[in-house]
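Peer 1: Take a look at the following structure, please.
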């Protein structure tokens, strides 16, 4: 069986709302996060991106973990650019045309239909038996909340911040629904419209991949947390009844503001949680996860699931995470301009 | 030592001149050749490109050989889009902005400087010790002739056709020089101007990579025939005196219209010719090469050199070439539209 590890990357102006995301040290650097994440997964370090993404408190991007698993297991990453705000030196297939708007605008992703269909066609053409699909988009849990609400699904999402700013997210989604003239559940059965009004380009791409992959009888493993739950909801509302699995981290699973089992059950997702043993480990590369930061992203949960399936011991994964981290931060925090 | 296998892909309207190239069954399909080549190297088959590139007589693209070596040796391909005419579903780093013009126009590649600098910066950022650099661009030997002439270097180039249309190529280059108001050797010492007036986007990209790689003390292996000779000449005229190696196929080496040793010596290139043993083999995947078609492309010579270095027996390479070929042509000639 051949497996391909796909990472869909993009940007949404929703991330610029103050306090919404921890996927970057500050809003300007955050714009580079998904582009730098792809470079870290592909090359082990940023190539021309000016920053190694860290949260405001210094938690390193989950791309470090995904890269480490890739070094241990040798999986083939495939990066899709659904709408990056900044250029990346990682090789990508372009499936979109620029960042999504703030969901408080009337239209969030004008070209949703085009992104969805491009991703769907791409997935149908791939020679693999299984797609593992992850994402990197700052602000993505807020757009996920927007989409889940638009579809009328149980709407609770995780956060890259230790304290989930749920009230802020709800207010943003409410403002977006009002501006889009949409009631909660108003886009049920119409996933394209849900993303167009309340989503982001990455959700359009992931949903297209899931639909295309199931149409050509590939196995789908959604690699992530509540953003992938939103993508699964989009696929269900597109009429996909095939088996779908969700692989996430213990940090999402421990997030009581989500209770990941509930949406997984509601959407009939096979839930897999892979424990990387970070809690019994003490290193700056992993401690922030244990403290509840970042939690997921860049396919981290799916990567850990693949490592587990390949029989790679988690001690080896943790050691490689430290190696990747040390290479990235050998000269102190990286920030070029 | 880490090695990265880079393929620079692009298009030039020079390929549309009747009789100039065999890199496609007909001119319309030829436009898809570099895009499909990248998909074959990445995925083992075209994904959304409508064709498996073959010459007018059915010789399969050298991408088949490069893919086969990749399957045997596990090298990491990195594809750069220096200006493709048609979309590709292979992941690429974009370093250009569209195809080059027919060199009979006054300007061939308006954005040469930008492509060169983007490639140079990319190479400088890569974490590898060695770059192997190949190309895929139909019409590329004619633009190579244009560039070598503009630089004042010994100007003899190979061909994907069994009978090298040298008179036609010379006439095209003469017309291009006249329209560009340039004498032979008129761009000596000015590689950017040589490509801008008489080259193609791939040559701009390869030259930039070579300059950037040598600036950061990476080893450079040019993987190909006379197009890579032209790229080496550009690097020499940019003042690069570092050691450069050229790895090509016995089919280029046997091409008397080129005498590959001469330009290699003139440009101080370490020449490596790797015999894949196709001549003692009888299969539709390889026979056309023995008959003098295609000869090189998509990094074939460099891929064979890497296989040789890794100690992979050529019998295994040939068997894998047949496997890749059989997968591609299982349903007869592939042509979708």
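Residue numbers (our numbering), protein chains in the order written: chain A, 165 to 501; chain R, 165 to 501.
Every residue gets a Cβ at the ideal spot worked out from N, C-alpha and C, and that includes glycine.
Using the three-state DSSP reduction, which class does residue 235 of chain R fall into: helix, strand or coil?
Peer 2: For the purposes of this step, residue 235 of chain R is identified with residue 71 of the second chain, where counting begins at 1. Of the three classes helix, strand and coil, the one that applies to residue 235 of chain R here is helix, per DSSP.
Peer 1: Once the 5 residues before and after residue 366 of chain A are set aside, which same chain residues still bring their CB inside 6 Å of it?
Peer 2: As a working note, residue 366 of chain A is residue 202 in the first chain. 172, 174, 246, 299 and 301, listed in sequence order.
Peer 1: Look up residue 296 of chain R in the DSSP assignment and give the residues it is bridged to.
Peer 2: Position 132 of the second chain, counting from 1, holds the residue named residue 296 of chain R. Paired residue(s): R:169 and R:385.
Peer 1: Write down every uninterrupted run of the beta strand (DSSP E) in the region 260-315 of chain A whose length is 3 residues or greater and which is fully enclosed by it, in chain order.
Peer 2: Segments of the beta strand (DSSP E) lying fully in the region 260-315 of chain A: 294-300.
Peer 1: Please list the residues of the region 194-223 of chain A that have a C-beta atom closer than 7 Å to any C-beta atom in chain R, keeping them in chain order.
Peer 2: Listed by position, the residues of the region 194-223 of chain A near chain R (Cβ gap below 7 Å) are 207, 208, 209, 211 and 212.
Peer 1: Let me confirm a value: residue 380 of chain A is counted as buried when at least 16 other C-beta atoms fall within 10 Å, else exposed. Which label applies?
Peer 2: Numbered from its first residue, the first chain carries residue 380 of chain A at position 216. Residue 380 of chain A should be labelled exposed.
Peer 1: With 8 Å set as the bound, which would you pick, yes or no: does the beta-carbon of residue 243 of chain R sit closer than that to a beta-carbon of chain A?
Peer 2: As a first step, residue 243 of chain R must be located in the second chain, where it is residue number 79. Yes, contact with chain A.
Peer 1: For residue 178 of chain R, count neighbouring Cβ atoms within 10 angstroms of its own Cβ and tell me buried if that reaches 16, exposed if not.
Peer 2: Here residue 178 of chain R is taken as the residue at index 14 of the second chain, counted from 1. Burial call: buried.
Peer 1: Mind reading off the beta-carbon distance from residue 292 of chain A to residue 412 of chain A? Whole number of angstroms is fine, and I expect it under 8 Å.
Peer 2: Along the first chain, read from residue 1 onward, the residue named residue 292 of chain A stands at position 128. Along the first chain, read from residue 1 onward, the residue named residue 412 of chain A stands at position 248. Not really, about 22 Å apart at Cβ, beyond 8 Å.
Peer 1: Could you give the distance in angstroms between the alpha-carbon of residue 401 of chain A and the alpha-carbon of residue 315 of chain A?
Peer 2: For the purposes of this step, residue 401 of chain A is identified with residue 237 of the first chain, where counting begins at 1. For the purposes of this step, residue 315 of chain A is identified with residue 151 of the first chain, where counting begins at 1. Approximately 8 Å, taken between the alpha carbons.
Peer 1: Just confirm the distance between the C-beta atoms of residue 395 of chain R and residue 385 of chain R, as a whole number of angstroms; I'd bet it's less than 8 Å.
Peer 2: The sequence position of residue 395 of chain R within the second chain is 231, counting from 1. The sequence position of residue 385 of chain R within the second chain is 221, counting from 1. Not quite, the Cβ-Cβ distance comes to about 12 Å (not below 8 Å), so this is no contact.
Peer 1: Along the region 291-313 of chain A, where does the CB come closer than 8 Å to a CB of chain R? Name the residues.
Peer 2: Residues passing the 8 Å Cβ filter: 291.
Peer 1: Output the distance between the C-alpha atoms of residue 521 of chain A and residue 349 of chain A, rounded to the nearest integer angstrom.
Peer 2: Any property of residue 521 of chain A remains undetermined from this structure, which presents chain A solely from 165 to 501.
Peer 1: Taking Cβ positions, are residue 221 of chain A and residue 452 of chain A nearer each other than 8 Å?
Peer 2: Working through the first chain from its first residue, we reach residue 221 of chain A at position 57. Working through the first chain from its first residue, we reach residue 452 of chain A at position 288. Against a cut-off of 8 Å, the Cβ pair of residue 452 of chain A and residue 221 of chain A comes out as a contact.
Peer 1: When burial is assigned at 16 or more other CB atoms within 10 Å of the CB, is residue 447 of chain A buried or exposed?
Peer 2: Working through the first chain from its first residue, we reach residue 447 of chain A at position 283. So residue 447 of chain A counts as exposed.
Peer 1: So what does DSSP say about residue 351 of chain R, is it helix, strand or coil?
Peer 2: The residue given as residue 351 of chain R occupies position 187 in the second chain. DSSP places residue 351 of chain R in coil when its eight states are reduced to three.
Peer 1: Would you say residue 488 of chain A reaches chain R, if we count a Cβ-Cβ gap shorter than 8 Å as a contact?
Peer 2: If you number the first chain from 1, residue 488 of chain A lands on position 324. Not closer than 8 Å to any Cβ of chain R, the Cβ of residue 488 of chain A fails to qualify, so no.
Peer 1: Going by beta-carbon coordinates alone, are residue 475 of chain R and residue 296 of chain R separated by less than 8 Å?
Peer 2: For the purposes of this step, residue 475 of chain R is identified with residue 311 of the second chain, where counting begins at 1. For the purposes of this step, residue 296 of chain R is identified with residue 132 of the second chain, where counting begins at 1. Going by C-beta atoms, residue 475 of chain R is not nearer than 8 Å to residue 296 of chain R.
Peer 1: Could you check the C-alpha separation between residue 406 of chain A and residue 330 of chain R for me, to the nearest Å?
Peer 2: Residue 406 of chain A sits at position 242 when you count from the first residue of the first chain. Residue 330 of chain R sits at position 166 when you count from the first residue of the second chain. Rounded to the nearest angstrom, the two C-alpha atoms are 58 Å apart.
Peer 1: Using the three-state DSSP reduction, which class does residue 325 of chain A fall into: helix, strand or coil?
Peer 2: As a first step, residue 325 of chain A must be located in the first chain, where it is residue number 161. Reduced to three states, the DSSP call for residue 325 of chain A is coil.
Peer 1: Answer yes or no: do residue 462 of chain A and residue 189 of chain A have a C-beta to C-beta separation smaller than 8 Å?
Peer 2: One-based indexing of the first chain puts residue 462 of chain A at position 298. One-based indexing of the first chain puts residue 189 of chain A at position 25. In this structure, residue 189 of chain A does not lie closer than 8 Å to residue 462 of chain A by Cβ.
Peer 1: Specify whether the region 256-266 of chain A and the region 208-219 of chain A touch according to this definition: at least 3 beta carbon pairs, one from each stretch, less than 8 Å apart.
Peer 2: The region 256-266 of chain A vs the region 208-219 of chain A: no contact.
Peer 1: Is there contact here, the region 267-276 of chain R with the region 188-206 of chain R, by at least three beta-carbon pairs under 8 Å?
Peer 2: No, because fewer than three Cβ pairs between the region 267-276 of chain R and the region 188-206 of chain R fall closer than 8 Å, the two stretches do not touch.
Peer 1: Run the CB neighbour count on residue 154 of chain R, radius 10 Å, all protein chains shown included, and call it buried at 16 or more, exposed below.
Peer 2: In the structure displayed, chain R extends from 165 to 501; residue 154 of chain R sits before or after that span and is not available.
Peer 1: Can you list, in chain order, the residues of the region 252-270 of chain R whose Cβ is nearer than 9 Å to any Cβ on chain A?
Peer 2: Per Cβ criterion, the list reads 252, 253, 254, 255, 256, 257 and 258.
Peer 1: Given a threshold of 16 other Cβ atoms within 10 Å of its Cβ, counted over all protein chains shown, does residue 457 of chain R qualify as buried or as exposed?
Peer 2: Walking along the second chain from the start, residue 457 of chain R turns up at place 293. When all chains shown are included, residue 457 of chain R counts as buried.
Peer 1: What are the uninterrupted segments assigned as alpha helix (DSSP H) that are 4 or more residues long and contained completely in the region 451-482 of chain R, given in chain order?
Peer 2: Qualifying alpha helix (DSSP H) stretches, in chain order: 451-454 and 464-473.
Peer 1: Kindly list the residues whose CB is nearer than 7 Å to the CB of residue 404 of chain R, restricted to its own chain and excluding five residues on each side of it in sequence; keep chain order.
Peer 2: Reading the second chain from its first residue, position 240 is the one you call residue 404 of chain R. Around residue 404 of chain R: 374, 375 and 378.
Peer 1: Any Cβ of chain D within less than 8 Å of the Cβ of residue 174 of chain R?
Peer 2: Here the protein chains are A and R, and chain D is not one of them.
Peer 1: Which residues bound the beta strand (DSSP E) around residue 330 of chain R?
Peer 2: Here residue 330 of chain R corresponds to residue number 166 of the second chain, with the count starting at 1. Premise fails: residue 330 of chain R lies in the alpha helix (DSSP H), 330-344, not in any beta strand (DSSP E).
Peer 1: Do the region 304-315 of chain A and the region 338-357 of chain A touch if we need at least three Cβ pairs shorter than 8 Å?
Peer 2: Cβ pair count under 8 Å is three or more, so yes.
Peer 1: Quick check on this structure: which residue in A:481, A:393 and A:416 has the alpha carbon closest to the alpha carbon of residue 430 of chain A?
Peer 2: Within the first chain, the letter at position 266 stands for residue 430 of chain A. Residue 430 of chain A has its Cα closest to that of A:393, out of A:481, A:393 and A:416.
Peer 1: Is DSSP giving residue 256 of chain R helix, strand or coil here?
Peer 2: Here residue 256 of chain R refers to the residue found at position 92 when the second chain is read from its first residue. Three-state result, residue 256 of chain R: strand.
Peer 1: Should the region 479-497 of chain R be called in touch with the region 429-444 of chain R, which here means at least 3 C-beta pairs below 8 Å?
Peer 2: Output reads yes: the region 429-444 of chain R touches the region 479-497 of chain R.
Peer 1: Suppose you measure from the CA of residue 414 of chain R to the CA of residue 237 of chain R; what does that come to, to the nearest Å?
Peer 2: Looking up residue 414 of chain R in the second chain gives position 250. Looking up residue 237 of chain R in the second chain gives position 73. Cα to Cα, residue 414 of chain R sits roughly 21 Å from residue 237 of chain R.
Peer 1: Quick check on the DSSP output: the alpha helix (DSSP H) that includes residue 192 of chain A runs from which residue to which?
Peer 2: For the purposes of this step, residue 192 of chain A is identified with residue 28 of the first chain, where counting begins at 1. Unbroken alpha helix (DSSP H) run through residue 192 of chain A: 191-194.
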